[in-house]
Amino acid sequence: MDVLQRMGPRTAPATAVAPLELCALATTENAATLRRRFRCWVGEITDVDTADDLALAVYEALANVVDHAYAGRGTPGLMTLWAAVSCPLLTGRDLVVTVVDEGSWRPSSGPGWRGRGLPLMRELMHATAVLPGPTGTTVQLRRRVPVPAPREAALV
Numbered sequence: 001m002d003v004l005q006r007m008g009p010r011t012a013p014a015t016a017v018a019p020l021e022l023c024a025l026a027t028t029e030n031a032a033t034l035r036r037r038f039r040c041w042v043g044e045i046t047d048v049d050t051a052d053d054l055a056l057a058v059y060e061a062l063a064n065v066v067d068h069a070y071a072g073r074g075t076p077g078l079m080t081l082w083a084a085v086s087c088p089l090l091t092g093r094d095l096v097v098t099v100v101d102e103g104s105w106r107p108s109s110g111p112g113w114r115g116r117g118l119p120l121m122r123e124l125m126h127a128t129a130v131l132p133g134p135t136g137t138t139v140q141l142r143r144r145v146p147v148p149a150p151r152e153a154a155l156v
């Protein structure tokens with residue numbers, strides 16, 4: 001404690017961005033709403049193209065919750081979206097997005113028009129982890145995102 005007192009008051013740097021935490025019932029409409037809110041949040045910290053890619057990856061994770069997590073229950077459960085970003089580093093910011101449900105993991109049933117969400121997330125992100133467990137599934141997405149140039153930030 002003595003060390004913290006000598007360091008002075010703990011304040012966030014001016015470049016800090018508050019984390020985003022959203023929770024809603026796992027419905028198609030709510031997934032779209034969470035995607036839009038995430039897109040607005042991430043649009044403040046990176047360029048337009050990167051923000052669009054990130055919103056697409058996050059929406060895929062949310063859509064998987066809607067389509068798969070609660071399929072056996074008949075009623076939607078909760079989905080939570082949490083996102084945080086580091087302060088600017090020399091090569092950008094580190095972004096971590098976590099999507100959590102309280103349902104059951106269902107692996108892909110084979111080829112077809114389905115099953116492209118995880119490969120898409122892996123293509124758009126630098127790291128993707130799917131962690132199924134007895135109380136639900138956690139999808140964690142990570143990516144280094146560029147900090148927009150001053151002119152580009154004004155356009156966002």
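Start counting the sequence shown at 1; every next residue gets the next number (the UniProt record's numbering). Quick reminder that beta carbons are idealized off the backbone N, C-alpha and C, glycines included. Owing to the predicted nature of the structure, the values given are computational and were not obtained by experimental measurement.
Q | Any beta strand (DSSP E) of 3 or more consecutive residues that is wholly inside the segment 37-65 | A | none
(Q) If I measure Cβ to Cβ from residue 101 and keep anything under 6 Å in the same chain, skipping five residues before and after, which residues do I get? (A) 65, 69, 79, 136 and 137
Q.
Is there a Cβ of chain D sitting closer than 8 Å to that of residue 68, yes or no?
A. Of the protein chains in this structure there is only one, and it is not chain D.
Q: Within 10 angstroms of the Cβ of residue 51, are there 16 or more other Cβ atoms? Answer buried if so, exposed if not.
A: buried
Q: Indicate whether residue 81 and residue 58 have their beta-carbon atoms separated by less than 8 Å.
A: yes
Q: Rounded to whole angstroms, what's the CA-CA distance from residue 30 to residue 105? Just pull it up for me.
A: 20 Å
(Q) According to DSSP, is residue 128 part of a helix, a strand, or is it coil? (A) strand
Q. Under a Cβ-count criterion, where at least 16 other Cβ atoms within 10 Å of its own Cβ denotes burial, should residue 148 be classed as buried or exposed?
A. By the neighbour-count rule (16 or more Cβ atoms within 10 Å), residue 148 is buried.
**Q.** Backbone secondary structure at residue 74 - three-state DSSP
**A.** It is coil, neither helix nor strand.
(Q) Quick check: the Cα distance between residue 144 and residue 63, rounded to an integer number of angstroms? (A) Between the alpha carbons of residue 144 and residue 63 lies a gap of roughly 23 Å.
Q) Do residue 45 and residue 85 have their C-beta atoms closer together than 8 Å? A) yes
Q: Quick one: measure Cβ to Cβ for residue 103 and residue 77, integer angstroms, because I've assumed they're closer than 8 Å.
A: 6 Å
Q: Using 10 angstroms around the beta-carbon of residue 128, count the other beta-carbons present and answer buried if the total reaches 16, otherwise exposed.
A: Burial call: buried.
Q.
For residue 21 and residue 121, which I take to be in contact (beta-carbon distance under 8 Å), what is that distance rounded to the nearest angstrom?
A. Actually they are not in contact, since the Cβ atoms of residue 21 and residue 121 sit about 20 Å apart, beyond 8 Å.
Q) Which stretch, first to last residue, makes up the beta strand (DSSP E) that contains residue 21? A) 20-25
Q | Close-in-space but distant-in-sequence residues of the same chain around residue 38 (CB under 7 Å, 5 per side omitted) | A | 20, 55, 58, 81 and 83
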